[in-house]
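Single-structure report; data block below.
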Amino acid sequence: MEVTQQCVVALTWTLKDTLGEELDVLDEPVEFLVGGDDLLKRIEEALQGHVVGDKLDLHLEPEEAFGDYDENLIFLEKRELFPEEIEEGMTFEGSALPQGCSPVPPELLYTVTEIYPEHVVLDGNHPLAGIALRIHLQIEAVREATEEEVGRGSAGTGFFRIEPMAPGSDSLH
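Using the UniProt record's numbering, the letters of the sequence shown correspond one by one to residues 1 to 173.
So this is what it looks like as structure tokens:
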């Protein structure tokens, strides 16, 4: 079966920046819905018509990946608004930030990047914003998507939608 819109593709990959630094590796196949919200459009376009076993090497500029870094998405908030156990690397949905924080786009995820005695720095940029990426991927399996997956817009993985992560976790998926 060829990769088409509304199918599920299982991929393995190595994701690097343009200097060759490894950012993420998927050794075990992970399923993504093509035509949903799971993958970047540029990756979906490149996968079209390919079959199991095919390998692709892609170069994605920031605008094709996670966009340019936007310094307007950096917020300095009062430390007292946050729980005592807050740690760098913790993430908050914009809609779930403590009352009293600056008005922020609610659909974004904010990462605590620095903690000072009086302030907390929140960054609403994707962790890979402003970075050109190189991705070497292999198609491990292709199948038809279920009605549920199509309705949800996801095979359940959503690598490229960064989810809130536990403190100390540096995984992107």
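For glycine and all other residues, C-beta sits at the position ideal for the given N, C-alpha and C.
Exercise for the section: With residue 202 as the anchor, note down where its alpha helix (DSSP H) starts and where it stops. Expected result: With the chain represented from 1 up to 173, any question about residue 202 goes unanswered, as that position is not in the structure.
Problem - Exposure label - residue 154; buried when at least 16 CB within 10 Å - result: Counting from 1 along the sequence shown, the entry for residue 154 is found at position 154. Looking at its Cβ environment, which holds 16 or more other Cβ atoms inside 10 Å, residue 154 is buried.
Exercise for the section: Can you grab the Cα-Cα spacing for the pair residue 112 / residue 122, in whole Å? Expected result: What you label residue 112 is simply residue 112 of the sequence shown in a count that begins at 1. What you label residue 122 is simply residue 122 of the sequence shown in a count that begins at 1. C-alpha separation (whole angstroms): 5 Å.
Handout entry: Contacts around residue 8, its chain only, beta-carbon distance under 6 Å, and the 5 residues preceding and following it disregarded
Key = The residue given as residue 8 occupies position 8 in the sequence shown. The residues are 31, 33, 143, 145 and 155.
Exercise for the section: List the residues that DSSP assigns as beta-bridge partners of residue 137. Expected result: Here residue 137 refers to the residue found at position 137 when the sequence shown is read from its first residue. The partner list for residue 137 (beta bridge, DSSP) reads 13 and 56.
Handout entry: Among 136, 149 and 151, the one whose alpha carbon lies nearest that of residue 46
Key = Within the sequence shown, numbered from 1, the residue matching residue 46 stands at position 46. Out of 136, 149 and 151, 136 has the C-alpha closest to the C-alpha of residue 46.
Handout entry: Length of the line joining the Cα atoms of residue 52 and residue 12
Key = One-based indexing of the sequence shown puts residue 52 at position 52. One-based indexing of the sequence shown puts residue 12 at position 12. Each residue's Cα considered, the two are about 11 Å apart.
Practice task
Report the rounded CA-to-CA distance for residue 5 versus residue 151, giving the unit in angstroms.
Solution key: Here residue 5 is taken as the residue at index 5 of the sequence shown, counted from 1. Here residue 151 is taken as the residue at index 151 of the sequence shown, counted from 1. So the two alpha carbons sit approximately 13 Å from each other.
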